[in-house]
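**Q** Submitted below is the structure of interest, expressed as structure tokens.
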DNA sequence: TTTCACTTTAGAATTATTATAAACTAGAAT
DNA sequence: ATTCTAGTTTATAATAATTCTAAAGTGAAA
Ligand SMILES: [Mn+2]
Ligand SMILES: [Mn+2]
Ligand SMILES: [Zn+2]
Ligand SMILES: [Zn+2]
């Protein structure tokens, strides 16, 4: 992903490209593979990777803006901490509770044959599969 | 579920049948259908239902003991609050984000045809499906 | 250069949960 | 029945994750 795309991510999130936001955006989006993270882990990684200091509040704010804009998704998986995901397409996850790690599963790699119909008056928004792992 | 079974739930959880614990256990287990709850919602419901005052700490402790003993399961579903489930068998859920409600889906009502194999050195512990609902 | 809306940040506040430690209670032993 | 004691309850403190607040900083445009 090029720098121009980073600026686009920010623009489409309604965010001005400040030093801090560009650092965060580059760290999140300039990568090949999906990145799963918590705000805590992102904060630590950013502190190691970059010279500039970025406050936790800015990380929370920026991550939420990206989520609202659809550039990040949130994965419900582990207790009382939020997990975020740079993969915003419809997909599934392995979850390794030993390491607290998520691994992507492509939507096409899981095929559901039989599914119940939604309760009265409701519709199905999406289906999420978690495959929990053990050693 | 009879009172004798309630006492068994407590005994098998390593808990003496105190007034508070019996109240909690009866409220959780003397019902036909699955009950999904948070500690907060359980606390409110118990406060309405019973005369005796039960402290929040006791509710947390008792719920955790039941979970450890396998009489309750925890469902990862909504942000930063824990959801518990009186259905401890392998099953799936509808999740209605409008009402924050879970609805059980019998394991047999979802059939998965194709599933990826676990990553190197890992095994599949279980598969959980969430069907998110909208209006 | 001044302006001013937007931004960052430290720290306070809030929420969910867990830990602590003093007062209480159920049984067992006398 | 009374005593004893390990287990229990509870208020409150501590912790953890997140959100809020308000003061200081920044930068593009006037
Ligand atoms: Mn979660
Ligand atoms: Mn959760
Ligand atoms: Zn993912
Ligand atoms: Zn359930």
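Chains as they are written, first to last, in our numbering: chain A, 1 to 135; chain B, 1001 to 1135. C-beta atoms are modelled at their ideal positions from N, C-alpha and C, and glycine is treated no differently.
Can you determine whether any heavy atom of ligand 5 sits closer than 6 Å to the C-beta of residue 1085 of chain B, and answer yes or no?
**A** Although ligand 5 was asked about, the structure shown includes only ligand 1, ligand 2, ligand 3 and ligand 4 as ligands.
**Q** What's the gap between the Cα of residue 1107 of chain B and the Cα of residue 14 of chain A?
**A** Across the structure, residue 1107 of chain B and residue 14 of chain A are spaced so that their CA atoms are roughly 43 Å apart.
**Q** Measuring alpha carbon to alpha carbon, tell me which residue in A/134, A/114, A/122, A/24 is nearest residue 64 of chain A.
**A** A/24
**Q** If you drop the 5 nearest sequence neighbours on each side, which residues of the same chain put their C-beta closer than 8 Å to that of residue 16 of chain A?
**A** For residue 16 of chain A, where only same-chain residues beyond five positions count, the Cβ hits under 8 Å are 10.
**Q** Residue 1052 of chain B: which of B/1020, B/1066, B/1080, B/1082 sits nearest, CA to CA?
**A** B/1020
**Q** Can you name the residues that DSSP bridges to residue 1104 of chain B?
**A** B/1093
**Q** What residues are listed by DSSP as bridge partners for residue 85 of chain A?
**A** A/36, A/73
**Q** Quick one: what's residue 1130 of chain B bridged to in DSSP?
**A** A/128, B/1093
**Q** Touching or not, the stretch 99-119 of chain A and the stretch 1110-1122 of chain B, by the rule of three or more beta carbon pairs under 8 Å?
**A** yes
**Q** Mind listing the chain A neighbours of residue 1079 of chain B? Cutoff is C-beta to C-beta under 9 Å, in chain order.
**A** Taking a Cβ-Cβ threshold of 9 Å, the residues of chain A close to residue 1079 of chain B are 74, 76, 80, 82, in chain order.
**Q** Interface residues of chain B around residue 88 of chain A at Cβ under 9 Å?
**A** None at all; the shortest Cβ gap to chain B is about 15 Å.
**Q** I want to know whether the stretch 68-83 of chain A touches the stretch 1098-1107 of chain B - three or more CB-CB distances under 8 Å.
**A** no
**Q** What residues from chain A crowd round residue 1121 of chain B, counting only those whose CB sits closer than 8 Å?
**A** 135
**Q** Is it buried or exposed, residue 1018 of chain B, if we count other Cβ atoms within 10 angstroms and call 16 or more buried?
**A** exposed
**Q** What would DSSP say about residue 1114 of chain B, mapped onto helix, strand or coil?
**A** strand
**Q** CB-CB under 6 Å to residue 958 of chain B, same chain, minus the five flanking residues each way: which ones, in chain order?
**A** Residue numbering for chain B in the displayed model covers 1001 to 1135; residue 958 of chain B lies beyond these limits and cannot be assessed.
**Q** How many Å lie between residue 1101 of chain B and residue 96 of chain A at the Cα?
**A** 26 Å
**Q** Please confirm whether residue 1037 of chain B and residue 1093 of chain B have their CB atoms less than 7 Å apart.
**A** no
**Q** Which chain B residues are close to residue 94 of chain A, counting only those with a beta carbon under 9 Å from its beta carbon?
**A** Below the 9 Å Cβ cutoff, chain B contributes 1116, 1118, 1119, 1122, 1124 as neighbours of residue 94 of chain A, in chain order.
**Q** At what residues does the alpha helix (DSSP H) containing residue 25 of chain A begin and finish?
**A** 19-29
**Q** Return the chain-ordered list of same chain residues with a C-beta closer than 6 Å to the C-beta of residue 50 of chain A, the five sequence neighbours on each side being excluded.
**A** 23
**Q** Report whether the distance from the Cβ of residue 949 of chain B to the nearest heavy atom of ligand 4 is below 6 Å.
**A** Because residue 949 of chain B is not part of the residues shown, which for chain B are 1001 to 1135, the question remains open.
**Q** Among A/133, A/69, A/125, which one has its Cα closest to the Cα of residue 1134 of chain B?
**A** A/125
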